[in-house]
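Below is one structure, written out as structure tokens; the observations come after it.
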Amino acid sequence: MGTPELVERRKNLSLPRLLPYLYLMPLIVLVGVVIVYPFFHAILLGFWQKDILKAAGTRFIGLDNYVKLLTGERNFWLALRNSIVFTMCSVFLEYVLGLVSALTLNSKYIRARNFFRALILLPWIIPIVVNSLMWKFMLAPNFGFIGQLLAAVGLKWFQTVNWLGDVNLALPTVILVNVWRSFPFYTIVILAGLTLIPQELYEAAAIDGAKRWQRFSHITFPLLKGVSGVVVVLHIIWTFINFDVIYLLTGGGPLYSTEVLPTLLYRKAFEEFSFGYASSIGVVMLLILMFIVGKFYTKVIINRQ
Amino acid sequence: MKMKRWMLSILFLGSLLLPLAFGTIFAADKITLEVWHVHNAANSRDGAAMEEVYREYEKAHPGIKINLNAMTYADLRQKALVAGQAGQGPDVLHMLVEWVAEFAKAGIITDITNWVDEWEDEDKFPESTWQVTRVDGRCYGIPSVASTRLLLYREDLFKKAGIKAPPKTWSELRAVAKKLASNNMAGFAFCSATTAIRGPQEFLVFLWSTGAELVKKENGKYVPGFTVEQVQSVFQLYYDLIFVDKAVPLYTRGWEWQNLDQAFEAGTVAMCQNGSWMLYRAERAKTGKMWKTAPFPYSKVPATYLEVKVEGIGAFSKYKKEAWDLLKFVYNKENMARITKYDNLPSRSDVMNLPFYTSDPVWKKAFMEVIPTGHTVPPIPLTPILRASMEGVQEVIYERMKPAEAAKVFYDKVAEYLKTL
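Protein chains in written order, with my numbering: chain A, 1 to 305; chain B, 306 to 726.
Quick look at the structure:
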């Protein structure tokens, strides 16, 4: 027997009380190993020069990577601008297309709705690599499907347009391919949101003589804001860090016209093997994302609540 | 009850561990050699032949299992360097010549100088092929398959345009390309994608043919081996072919090798710089019989890209001796001849002289004949220079810079980079 404090302490350390933590242990270890450790390691790496192909090798350099990135990297500001344009245009167009397609598929006048709902998912469920290579082939000048199609309807000039190889057309083309791939996700989420809107509201509005546009702007759209906020925030993050679509379509070119921060980071890390410098790009990306998403989240979601 | 639970727990644990124990026992007497390479049996007949050779070795050596991992060149380089950072890697790895110095400096391949010195087949490989395997005088691999570059052209289109012979110089190249170009036909085409692998190789052939070198050593330090004027003349040629002669259509800007090879096969390109792997496409293309080869046109001196692939042994391999024995088998005379029938050329002189390689005038003999004019890349990490070359080409062909300005920028970038080595 011991003092009441000792008994209490023993109770706290008893197996039933520790058991939940033991159950959580594998998950904690897993998260620690695959997320927490790499995260902090990458932040620390940003303060080091770690070039495995250069004689200078590895040494602590403080903020030098950041100074070089913000003042000496000629592609950083270009990549940042492209990242913002790519993200904003993609998310906006995806949302508009997703909303329109969801409203259409929710209409009672559409027959075989379930078939079309399944069909619209196709672009999203095709693996990104297949999707991107398929578009690359279709967009090829001269013998690509898109050029041939446009030529067949009389727009012969388009047959030789180099959609992905022209400095002015490459970024808009990459955005359109990304929109095509991603908008079905919005469709599905918005469709789910539409089913949650009570029918009575529409009936009451109809009795009050509200027209279709008024019903949309006063009932549908406001009640979709929650769902829309979540899907837009998610897609801002996913699009800002999107690497595969751009890399597979253009590799960041031509002449860096489609260079975004993820492709710049990849190039520094896995072509030049400057891991420290690449980590500093990753940290800057994280800060930018935290700022944008934080602002958006506070404005759209918290304020709404 | 308690006893029963214990028994059950032990049985359960035992059943989990049993396969592991058996696995360890059976695995213990077999060595597994990991081979990282690019030869895909599914899309290359030489690749299929190579796989056969590896399987034969397995059969002859029951204690050895060979895991063949085929991947793209970009993946191979990246995987090897990243794995090397973690102290891991394959037993045998295939390398592009421009990676040898990179990998040696990163410490991920083994110095095999002593083994090579004792190998009875060492003198069967020409000295020029051994040169690409050496860094600071030490040998880091054996030369495997090789390739050179020629002018690939359509004989039928030449005849139709009244052109009697393939161009020999840059000025002839421009004139012939201009004559061949039409609405649906590029008189000439080249690679210029940002991530192009072949683009820099084509650029180097142009540069070498001005009499320049890519880099040279002065007082123990690497410096650019070319002048601004020499590289300017190369950029000027790119510019003239597109904008002055209109022999290279604008839509070909940004092409990678897949686009170029595909377009040549489809019959929309009349001439390009290419390798013997095009035989594969020639055999299936309608116009394939009309495809001919000739030495690539030059400015001051004939030049071609002599690409010798190198097979190395991973620095972290536990079975270096076994890996070396495997390499000696795969690249012996008989096997080298088997794996270079289609896409590649042999790097052994005793194979080069076999009738098969000396009788085919278009796809084998012609490519072998230009070996004396072949240049190899210097033994330094080259990725930043190769990327800078494509940036220069793009600045010119997208009209962002004049050839003179792009040449100056390229020279400065190369000089700056060489200081960091």
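From the three backbone atoms N, C-alpha and C, an ideal C-beta is built for every residue, glycine too.
| Item | Value |
| --- | --- |
| Whole-angstrom C-beta distance between A498(B) and G253(A), which should lie under 8 Å | 6 Å |
| Members of the stretch 399–421 of chain B near chain E, C-beta cut-off 8 Å | No chain E is present in this structure, whose protein chains are A and B. |
| In DSSP terms, what L562(B) is bridged to | Note on residue identity: the sequence assigns Trp, not Leu, to residue 562(B). Per DSSP, none; premise fails for W562(B). |
| Backbone secondary structure at H235(A) - three-state DSSP | helix |
| Within 7 Å, strictly: CB atoms of T87(A) and F240(A) | yes |
| CB-CB length for Y636(B) against T453(B), believed under 8 Å | Rounded, the Cβ-Cβ distance is 19 Å, inconsistent with contact. |
| Within 9 Å of chain A by C-beta, residues of the stretch 565–595 of chain B in sequence order | Q567, A568, A571 and T573 |
| C-beta contact flag for S581(B) and F493(B) at 7 Å | no |
| N-terminal and C-terminal residue of the alpha helix (DSSP H) that M290(A) is part of | F275 to F296 |
| Endpoints, beta strand (DSSP E) assigned at W596(B) | W596 to A599 |
| Cross-strand partners of N579(B) (DSSP beta bridge) | L455(B) |
| Cβ neighbours of W290(B) in the same chain (closer than 6 Å, five flanking residues each side left out) | The question about residue 290(B) has no answer here: the residues shown for chain B are numbered 306 through 726. |
| Short Cβ contact (7 Å threshold) for V606(B) with G516(B) | yes |
| Chain A residues whose Cβ lies nearer than 7 Å to that of A498(B) | G251 and G253 |
| Buried or exposed by the 16-neighbour rule on C-beta atoms within 10 Å, applied to E696(B) | buried |
| Of the listed residues F221(A), G226(A), Y266(A) and M25(A), nearest to Y247(A) (C-alpha basis) | Y266(A) |
| T160(A) at chain B interface by Cβ criterion, 7 Å | yes |
| Through-space distance from F143(A) to E407(B), alpha-carbon basis | 39 Å |
| Interfacial residues, the stretch 92–109 of chain A to chain B, with Cβ spacing under 7 Å | none |
| Three-pair Cβ contact test at 8 Å for the stretch 435–452 of chain B versus the stretch 645–663 of chain B | yes |
| First through last residue of the alpha helix (DSSP H) which encompasses G617(B) | It is not in any alpha helix (DSSP H) - G617(B) instead sits in the beta strand (DSSP E) that spans E612 to I618. |
| Closer than 7 Å at the beta carbon, the chain A residues around Y703(B) | V167, P254 and L255 |
| C-alpha gap between E477(B) and F601(B), whole angstroms | 11 Å |
| Proximity test, Cβ basis, 7 Å: Q383(B) and chain A | yes |
| Any chain B beta carbon closer than 7 Å to I324(A) | Since the displayed chain A opens at 1 and closes at 305, residue 324(A) lies outside it and no answer follows. |
| Range of the contiguous alpha helix (DSSP H) that encloses H41(A) | Y37 to L45 |
| Between the CA atoms of R643(B) and K483(B) - distance to the nearest angstrom | 41 Å |
| Inter-stretch contact at 8 Å, needing at least 3 Cβ pairs: the stretch 265–283 of chain A / the stretch 111–118 of chain A | no |
| Chain-ordered neighbours of E272(A) on chain B, where CB pairs are closer than 7 Å | T688 and P689 |
| CB contact check: G559(B) to chain A, cutoff 7 Å | yes |
| The stretch 140–157 of chain A / the stretch 230–240 of chain A touching (three or more Cβ pairs under 8 Å) | no |
| Burial state of T415(B) (16 or more Cβ within 10 Å) | buried |
| For W596(B), the nearest candidate out of G442(B), V667(B), Y603(B) and Q535(B) (CA to CA) | V667(B) |
| Top-ranked residue by Cα proximity to I502(B), from D334(B), E403(B) and Q393(B) | E403(B) |
| Neighbour flag for F143(A) against chain B, beta carbons, 7 Å | yes |
| DSSP beta-bridge partners of D396(B) | BP columns for D396(B) are empty, so no partner. |
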